[in-house]
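*Asks:*
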Amino acid sequence: MKRTKLLLAGTVAALAFANMAHAERGTDGDLKILFWQAVSTLNPYLSGGTKEVYSSSMVIEPLARYDATGALVAWLVTEIPTVANGGVTADMKSITWKLKPGVKWSDGSAFTAEDVVFTWEYCTAPDGGCAQKAQYEGITKVEAVDAQTVKVTFSEPKYYPYSAFVGAQSPILQKAQFKDCVGAKAPGCTAANFGPIGTGPFVVKEFKPNDVITFTANPNFRDAAKPAFASVTLKGGGDAASAARAVLETGEFDYAWNMQVEPEVLATMLKAGKGKIETAFGTQVERIQINWTNPDPKLGDKRSTVEGGKHPALSDPAVRKALSMAIDRDVIDEVGYGEAGKPTCNIVPAPDIYISSTNDWCLKQDIKGANKLLDDAGWKKGSDGIRAKDGVKLSFLYQTSTNSVRQGTQALVKDMWSQIGVASELRNVSASVFFGGDPASPDTFQKFYADVEMYTNNFDGTDPEKYLAEWLCDKIPSPANGWQGQNIPRYCNPAYDKIVNELAKTGDLKKRAELAIKANDMLTAEGAHIPLIHRGQPSAISATLIGVDMNAWDSELWNVADWSRKK
Amino acid sequence: MFTYTIRRLMFAVPTLLVISFVIFALLDLAPNDPLGELPLTIPPEVREQIRAAMGLDQPFLIRYLKWLQQFFVNEPLNIFEQITGLTVGTGERMRVLSWATRSPVVDLIVQRLPQTLWVVGMAYVFGILIAIPVGVISAYRQYSVFDQVGTFITMVGYSVPTFFTGVLLIVIFSSWLQWFPSIYDTNLVVDSWANFVEQMRQMFLPVLVLSLYNASQITRFVRASMLDNLSMDYVRTARAKGVREKTVLLVHVLRNSLIPVVTVIALGVPTIFSGAIITEQIFRVNGLGQLLITAVQGADIPLVQTLTFIFAVLIVLFNLIADVLYGILDPRIRYD
Amino acid sequence: MTDATMTTATIAKVEVETPTKLFWRKFRAHKGGVAGLIVFIAILFVVYVGPFIHTIDPNKIDIRAKNQGPSWNHPFGTDNLGHDMLAQVMAGGQISLAVGMTAMLLALLLGTLVGVMSGYFRRLDGPLMRVTDLFLALPLLPLLLVIIMLFRDTLRAAFGPETGIFILIVFVIGVTSWMHTARIVRGDVLAVKSQEFIVAAKSSGMREYRIVLRHILPNVLSSIMVSATLGIASAIITESALSFLGLGFPSDFPTWGRLLFDGANFLQITPSRVIWPGLAISLTVLSVNYVGDAVRDALDPRTVTH
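First to last, the protein sequences are chains H, D and P. For the first sequence, the working numbering begins at 9 and goes up steadily by one. For the second sequence, the working numbering begins at 337 and goes up steadily by one. For the third sequence, the working numbering begins at 65 and goes up steadily by one.
1) Restricting to Cα atoms, I'd like to know which of H:GLN418, H:GLU129 and H:ASN354 is closest to ALA536 of chain H.
2) Per DSSP, what kind of secondary structure is HIS542 of chain H in: helix, strand or coil?
3) Whose Cβ in chain H lies nearer than 8 Å to the Cβ of ARG383 of chain D?
4) At a cut of 8 Å, does the stretch 278-286 of chain H reach the stretch 300-314 of chain H through at least three beta carbon pairs?
5) ILE300 of chain P CB to nearest chain D CB: under 9 Å?
6) In terms of alpha-carbon separation, which member of H:PRO351, H:LEU322, H:LEU523 and H:ARG573 lies closest to ALA385 of chain H?
7) Assuming contact is defined by CB atoms lying nearer than 9 Å, are LYS101 of chain H and GLY244 of chain H in contact in what I supplied?
8) For THR487 of chain D, return the contacting residues in chain P, with the cut-off set at a CB-CB distance below 9 Å.
9) Could you work out which residue in P:VAL239, P:LYS124, P:ALA222 and P:THR218 is closest to GLY175 of chain P when comparing CA atoms only?
10) Does DSSP put ASN465 of chain H in a helix, a strand or coil?
11) Provide the residue(s) that pair with PRO542 of chain D in DSSP beta bridges, ordered along the chain.
12) Using a Cβ cut-off of 9 Å (strictly closer), state whether TYR460 of chain D contacts chain P.
13) Which residues of chain P have a Cβ atom closer than 8 Å to the Cβ of TYR662 of chain D, listed in chain order?
14) Pop quiz: PHE654 of chain D and PHE609 of chain D are said to be a contact at Cβ under 8 Å. What is the actual Cβ separation, rounded to whole angstroms?
15) So which of P:LEU277, P:GLU303, P:PRO191 and P:PHE261 has the shortest CA-CA distance to MET344 of chain D?
16) Might you give, ordered along the chain, the residues of its own chain that have their beta carbon closer than 6 Å to the beta carbon of ASP36 of chain H, omitting 5 neighbours on each side?
17) Hey, VAL220 of chain H and ALA248 of chain H are a contact pair by Cβ (cut 8 Å); roughly how many whole angstroms apart?
18) What residues match up with PHE404 of chain H in a beta bridge as DSSP calls it?
19) Exposed or buried, what is GLN617 of chain D when buried is set at 16 or more other beta-carbons lying within 10 Å of its beta-carbon?
20) As a quick exercise: from H:LYS234, H:ASN228, H:SER239 and H:GLY116, pick the residue whose alpha carbon is nearest that of LYS213 of chain H.
21) Around the Cβ of ILE398 of chain D, are there at least 16 other Cβ atoms within 10 angstroms (buried) or fewer (exposed)?
22) Can you round the beta-carbon distance between TYR130 of chain H and PHE186 of chain H to whole angstroms, since I take them to be within the 8 Å contact cut?
23) For ILE296 of chain H and GLN407 of chain H, I'd like the C-alpha separation in whole angstroms.
24) ASP529 of chain H and SER312 of chain H - do their beta-carbons sit closer together than 9 Å?
25) How would you write the range of the alpha helix (DSSP H) that ASP223 of chain P sits in, first residue to last?
26) Name the residue from H:LYS282, H:SER178, H:LYS40 and H:VAL339 whose alpha carbon lies nearest to the alpha carbon of LEU256 of chain H.
27) Just checking, does the stretch 80-89 of chain P make contact with the stretch 117-131 of chain P on the three C-beta pairs under 8 Å criterion?
28) Which two residues bound the contiguous beta strand (DSSP E) that contains ILE285 of chain H?
29) Within 9 Å (strictly less), CB to CB, does ALA151 of chain P reach chain H?
30) Taking the alpha carbon of VAL677 of chain D as the point to measure from, which residue in P:LEU198, P:LYS95, P:LEU347 and P:ALA129 has its own alpha carbon closest?
31) So which residues on chain D does PRO134 of chain P lean against when the C-beta distance must stay under 8 Å?
32) Check each candidate in H:THR157, H:TRP566, H:PHE229 and H:GLY515 and name the one with the smallest Cα separation from GLY34 of chain H.
33) Which of the three DSSP states is assigned to ALA560 of chain H in this structure?
34) Compare the Cα-Cα distances from PRO70 of chain H to each of H:GLY116, H:THR366 and H:SER563 and report the closest residue.
35) May I have a chain-ordered list of the alpha helix (DSSP H) segments no shorter than 4 residues that lie completely inside the stretch 24-96 of chain H?
36) Between ASP126 of chain P and the rest of its own chain, which residues show a CB-CB distance below 6 Å, the 5 nearest in sequence each way excluded?
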C-alpha cells in the first residue's frame, strides 16, 4: 500500500517535472557496470582493446561521434564539417573543425585546439606503439589555426575524412597531462594512463587494472545537470554467463557488456524480471573463410600460400557454393545467437545504404540443390558416403577459436555438410593463439593451415572502404610479409581490385554505396567466404536503469551522461 | 641439519636462475601473442609498431637479461628507496612493466595480494583445520559411519570440479536465496563491524568452495598415513606399556603420520600465492590467480614471468622447509 | 613379500598360499573394496557395452529435440544442440576413463620412480628434487601451448586426429602431475629408509634394487594409492580444463569433464546435463578409492584381518 503511494507520488512528480526529471547532477547514487573482460588501462591509444576503448569513453571524448543510428554527431565541436558548409575543402584534402566554446577539462582548465594537435602528435610519435594509428593515416599536418579551430591536412584527397578525432577510438588527450609521455616514454606514465583527465561526464577516482574502476561525476562537465549518477563502479572479470546473472538474476549490477551466452540460458535468467537484454547491430559478421590455396602439410613452407598452388577441392566454385547452400543459418542463429544475431549473406551487413539482397538465395537451406550441384560437378559419393573426384575427397579441416557458441555452430555445420556428403574434422584453437598472429605458431587464422575457418570481423565506423580493401590481391598473407596480410581466403580477382580502387577515388556517397555493394556481392557470389550471422552486441540492462541507447557504431557507453535511475 | 639448510639455500640460487631461464624460454616459445585480444580492425603495420614498442623486436637473450636486471636490481632498489626515502643514483630506472596494463608488475602484485590472502589463504587454513581432525578420526575409527561419510564427502569434494560447485552455490545462495553476493567487492575497506560482516559474507562462498577442495585432498593423506602407523609395532608397545590412548594417538601416531601431510601442505602453500584461478574467476575475487590467467591468456610475458618466478621461489623455499621438518618429525632422517 | 613378512614375522601361513591367492583372499575380505570393484566394473560395462544397447549416435544432432528433460527416447535428456545425453555420457566415459587411467598411471610411474630414487639414493636426491622444483614452477598453460604447437601435427599425421590427440593429452597430463607423488613418496622413503629392517637387510648383503622392491615400496604404498585415486580425479578434470581452453579433444569428442563444464550454465534448464557426468566422475573416483584402499590393505604385510 505504502509502496503504491510512493509510486504514485513518484509518477506525479515525474509528470510535473517532465522536462527537468534529472535536473541535478549526482543525485542517482552509484551506477554499477560489469565488463567480464576486465579493463587493463584507460588509455585507448596504448591498448586498443574494445573494453579499454569503451571504459575510457566515459572520461575522454572525441570531437565527433556516431549516434545509435550510425549518424555523425558534433560532440566537442559546433558542427560536422562538410564540403557544403565549407568545413571540408572541395579537393577533399583538408578538414577544419570548430571547437565548442567553453568546454573545460575536468581539472578546470580550458579545452583548446592545442590539445587536439597534441593528440595527433602523441599517436603518431615514433616508438610509441600507438594502437589507433590507423585513424590518423594519410594526415600530413594538424594545426591549431586559433584556440578554437583545428585544421587537418591530408596528403591525398580523402573522400571519407571523418576518421581522426572521430569515434571512441580517437578521443582527445589533455596536452598538459601527457606532454612528457610521448613516444617511447608513453608506457612509463602509469598515473596518466590509469587516470586520464578528460572532458567527459566522469572522472577516474581509482583504477585497479584488470579489476575495478571507480569514477565520480565530473564537476566541470559542460552540462550542469548531468550526469545523473554521482559515481560509477566498473567491475571486471569472470565469464559472460555469470555477468548476465549478476544483472538479470541477482540484480547486483546495472549493466553488463557483451553477453555472449546461449539464448535459452539468457531466457531463463530474464524470467527473474530484474532486467532486459538489448542488442545493437553494427558491422560484425560471423563467417566461414574458405581457403583458396592448398593447406596440405606435405607442401612444407609453401602450405597455404599462392605458390603452393590451388586448393584441390575448394578451388571448384561448385563446391564452395554447395557448402554455403547446405547451411541452415536460421538454426545456427536460433541455437547460438537468438536475438543477438540475424542470418546474413553479406559481408557488409550495415549501414542500410550498403545492404545488398543479391545473394539472399543463401538464406534458405537447399540440401537438394547442393547435392545436385556437386553431382553435376562430378563429385561422386564413395562407399563411406563422402564425395570424391579424381582421388580428392571432400573432407575438410574446420577450425575456429575456442568459444562455446562457436563450437556449437561447428557441430551444426558439420552435421549439415554431412548431408551433402562432405566430411569435416573440427578443431578449436585458444583465441589468444588463433588471433595472436605469432608467425612461429601454425594455428593462427592468418596462416590458415586448414581448409575452412570461422571467426567474426567488422569495420570501424560506418565506411567500408578500408574493409573491402582487405580482399585485394596484394593483401594475401605469405611468409614474405610475415603472414601479416588481411586477405585470409587468398582471394584474388583483378576485377575486384578495380572496383575497390574506384571506391577509393569516389566522393559521392550514393556512388560509393553502389560500388561497395558490387564488391560485397562479388565476394559472396565467388565464394571467398560463407557469411553466416550478422552479429549484434547484446548487453544486459537492469530494469531500474533508464536512458541507455545501445550503440554499435561507437562506445556503448557513449551517452552515459544521460543515464539515470528509475525513480 | 643447519649446515644442510645453509647448503640447500646456497644451491637454491643457481637453481632459481635456471628455473627463471627455462620459464622465460618457455613463455617466449609459446604461440600465444600479446596482440591476440586486439580487434581485427587494427591493421598489420600498426601491430608491428605496437610489438616494437613492447621490445618484442629485440633478441631473446637481451630481453631475458633485461628482465633479470629489472627484477633483481631495479625492483629491489625501488623498494629500498620507498622504505628509506633515499634516492640511489638518479632514481630513474626501468621497472618490470606489464604489457597489457603498461604499469609496474610489482605494483599489480601488491594490489592483488590482500584478496588472495583473504580468500585463498583462509580457505587453505580452514582446509587444514578441517582435514587433520577428520583424517585422524576416520583412521582411528576405520570403516565406521563417520569414516564412510567422511570418505564419501571428501572424494566427492575432490572429484567435482570447482567450476561446477561455484556455479551451483551461486545459483542456490545468490540467485535463489539471495543470502550472499555473487561478486566480490575488492574496494571494500574493513573499518567497521558492518564492513567486516560484509567482508565475511562476500568471502563465504569462495572460501567454502576452496576449503572443501583443500580439505578433501589433505584428509585422504592424513587418513592413509595414520592407518599405516596405527598398525605399527610401536603403537602396540605403547599401548601395552599403558600409555593413554589419547597420547598414543595424538602424540605418537599423529607425529609419525605427518611426513606425507607436511609434504602435501608444503606443496600447497605456494599455490596460495598463485591463487585459485577458477574460483577467483567465478566469484570475481580478482586476486593473483585471475591476474595470472589474464596475463597468460594475453601473453603478457613480463607479468607471467615475474609471477611464476616468485611462485618458483616459494616452491623451492617451502620444499626446503618440508625437508627440514622431516628431520624434526623423525630424527632418524639425516641428510648429511 | 615373503621377505617383508619374515622381518615383521607376523604371518605363519604364508608358505602354503601363493602371493596372488593371499592377495585375493585379503582383497575379498575388504567389503568396501569389493563394492568399489563392482561399481567400477559396472561403469566400464555401461560405458563400453552401453552404446550397443542405446544405439543413438552421440554426435547426432536433432535440433527440434533440444533441451529436453529425461524421456523414454532420451533417458538423460538432450542438450542445447539436441545431442542425446546418455549417448554423450557413455561416449565421454570412454575417453575420460582412458585418459584418467593412463595419465594417472604415467604420473604415478614417473612420480614413484623419481620419489624412490631420490629418497633412497642420497646422490640423486639433490638433482632429482631440483628438477621436481622446476616442473612444479613451470606455468602449465604456456607449457601446454608449446607442447601442442610442437607435437600435434606430427602425432596427427602418425596416428590420426583422435589417437594423436589422446597420446598428446595423456602425455601432457602425466608429465605435469607427477611431482606431488614424487615429493610424497620421497618423504615416506626417507622415513622408511632409516628404520631397522632396512638397515638389517642392507647389512645382510641384499641387493639395492631388491631392497627397494621388497621393503621400501610396500611400505610407501598407502601414499601412492591415495595419489592414484586423487590422480584419476584430477586427470579427468584437467582434461576438461584443457578442452575448454581449446587444447583438448576436438569439440565433437565429448568427455565427462567437458560435458560438466558445458552443462554448468544450463543448470536451471536441464539439470540432468550436469548431474549425470558429475555423478559419473564422482562414482569412478569413489570406486577407485575403495579399490585402492583394499589393494593397499591386501598388500600390507601388517594387516592380517579387520
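Here a beta-carbon is modelled for each residue, glycine too, at the ideal position from N, C-alpha and C.
*Replies:* So, from the listed chains and residues:
1) Within the first sequence, residue 536 of chain H is the residue found at index 528, counting from 1. For ALA536 of chain H, the nearest C-alpha among the options comes from H:ASN354.
2) Counting from 1 along the first sequence, the entry for residue 542 of chain H is found at position 534. Here HIS542 of chain H sits in strand by DSSP.
3) As a working mapping, residue 383 of chain D is identified with position 47 in the second sequence. Within 8 Å Cβ-Cβ: GLY445 and GLN492.
4) no
5) Residue mapping note: residue 300 of chain P aligns to position 236 of the third sequence, counting from 1. Yes, ILE300 of chain P counts as interfacial toward chain D.
6) Counted from its first residue, the first sequence places residue 385 of chain H at position 377. Closest by alpha carbon: H:LEU322.
7) By 1-based counting over the first sequence, the position of residue 101 of chain H is 93. By 1-based counting over the first sequence, the position of residue 244 of chain H is 236. No, they are not a contact pair.
8) As a first step, residue 487 of chain D must be located in the second sequence, where it is residue number 151. Simply GLY96, LEU350, ASN353, TYR354 and ASP357.
9) Locating residue 175 of chain P in the third sequence gives position 111, where the first residue counts as 1. The shortest Cα separation from GLY175 of chain P among P:VAL239, P:LYS124, P:ALA222 and P:THR218 belongs to P:VAL239.
10) Counted from its first residue, the first sequence places residue 465 of chain H at position 457. In the structure shown, ASN465 of chain H sits in a strand (DSSP, three-state: E or B).
11) Residue 542 of chain D sits at position 206 when you count from the first residue of the second sequence. DSSP lists no partner for PRO542 of chain D.
12) Reading the second sequence from its first residue, position 124 is the one you call residue 460 of chain D. For TYR460 of chain D, the answer is no, since every Cβ of chain P falls outside 9 Å of its Cβ.
13) Taking the second sequence and counting its residues from 1, the one referred to as residue 662 of chain D is at position 326. Near TYR662 of chain D (Cβ distances below 8 Å), the residues of chain P are GLY251, LEU254 and ALA255.
14) Within the second sequence, numbered from 1, the residue matching residue 654 of chain D stands at position 318. Within the second sequence, numbered from 1, the residue matching residue 609 of chain D stands at position 273. Contact flag wrong, Cβ pair sits at about 10 Å.
15) Here the question's residue 344 of chain D lines up with position 8 in the second sequence. In the sequence as presented, Met is not what sits at residue 344 of chain D; that position holds Arg. Of P:LEU277, P:GLU303, P:PRO191 and P:PHE261, the residue nearest in Cα terms is P:PRO191.
16) Counted from its first residue, the first sequence places residue 36 of chain H at position 28. So the list reads ALA236, PHE237, SER572 and ARG573, once near-sequence residues are dropped.
17) One-based indexing of the first sequence puts residue 220 of chain H at position 212. One-based indexing of the first sequence puts residue 248 of chain H at position 240. That pair is no contact at about 18 Å.
18) In the first sequence, residue 404 of chain H corresponds to position 396, counting from 1. Paired residues: H:SER432.
19) As a first step, residue 617 of chain D must be located in the second sequence, where it is residue number 281. By the neighbour-count rule (16 or more Cβ atoms within 10 Å), GLN617 of chain D is buried.
20) The residue given as residue 213 of chain H occupies position 205 in the first sequence. The candidate whose alpha carbon is nearest that of LYS213 of chain H is H:SER239.
21) Indexing the second sequence from 1 puts residue 398 of chain D at position 62. By the neighbour-count rule (16 or more Cβ atoms within 10 Å), ILE398 of chain D is not buried but exposed.
22) Looking up residue 130 of chain H in the first sequence gives position 122. Looking up residue 186 of chain H in the first sequence gives position 178. That belief holds up - the Cβ atoms of TYR130 of chain H and PHE186 of chain H are roughly 6 Å apart, short of 8 Å.
23) What you label residue 296 of chain H is simply residue 288 of the first sequence in a count that begins at 1. What you label residue 407 of chain H is simply residue 399 of the first sequence in a count that begins at 1. Using only the alpha carbons, I get a separation of about 9 Å.
24) For the purposes of this step, residue 312 of chain H is identified with residue 304 of the first sequence, where counting begins at 1. For the purposes of this step, residue 529 of chain H is identified with residue 521 of the first sequence, where counting begins at 1. It is not a contact, given that the beta carbons lie outside the stated cut-off.
25) Your numbering for residue 223 of chain P matches position 159 in the third sequence. It is Phe, not Asp, that sits at residue 223 of chain P in the sequence shown. 204-239 is the span of the alpha helix (DSSP H), which, as asked, contains PHE223 of chain P.
26) Translated into the one-based positions of the first sequence, residue 256 of chain H becomes position 248. It is H:LYS282.
27) no
28) Here residue 285 of chain H refers to the residue found at position 277 when the first sequence is read from its first residue. Element bounds for ILE285 of chain H: 283-298.
29) For the purposes of this step, residue 151 of chain P is taken as the residue at position 87 of the third sequence. Not an interface residue.
30) No information on residue 677 of chain D is available, as it lies outside the stretch 337 to 672 that chain D covers here.
31) Counting from one through the third sequence, the residue named residue 134 of chain P turns up at place 70. What PRO134 of chain P touches in chain D: nothing, since even the nearest Cβ is about 20 Å away.
32) Position 26 of the first sequence, counted from the start, is the residue given in the question as residue 34 of chain H. Considering only alpha carbons, the answer is H:PHE229.
33) Reading the first sequence from its first residue, position 552 is the one you call residue 560 of chain H. Residue state, collapsed to three classes: coil.
34) Within the first sequence, the letter at position 62 stands for residue 70 of chain H. Considering only alpha carbons, the answer is H:SER563.
35) 52-55 and 58-64
36) Walking along the third sequence from the start, residue 126 of chain P turns up at place 62. GLY146.
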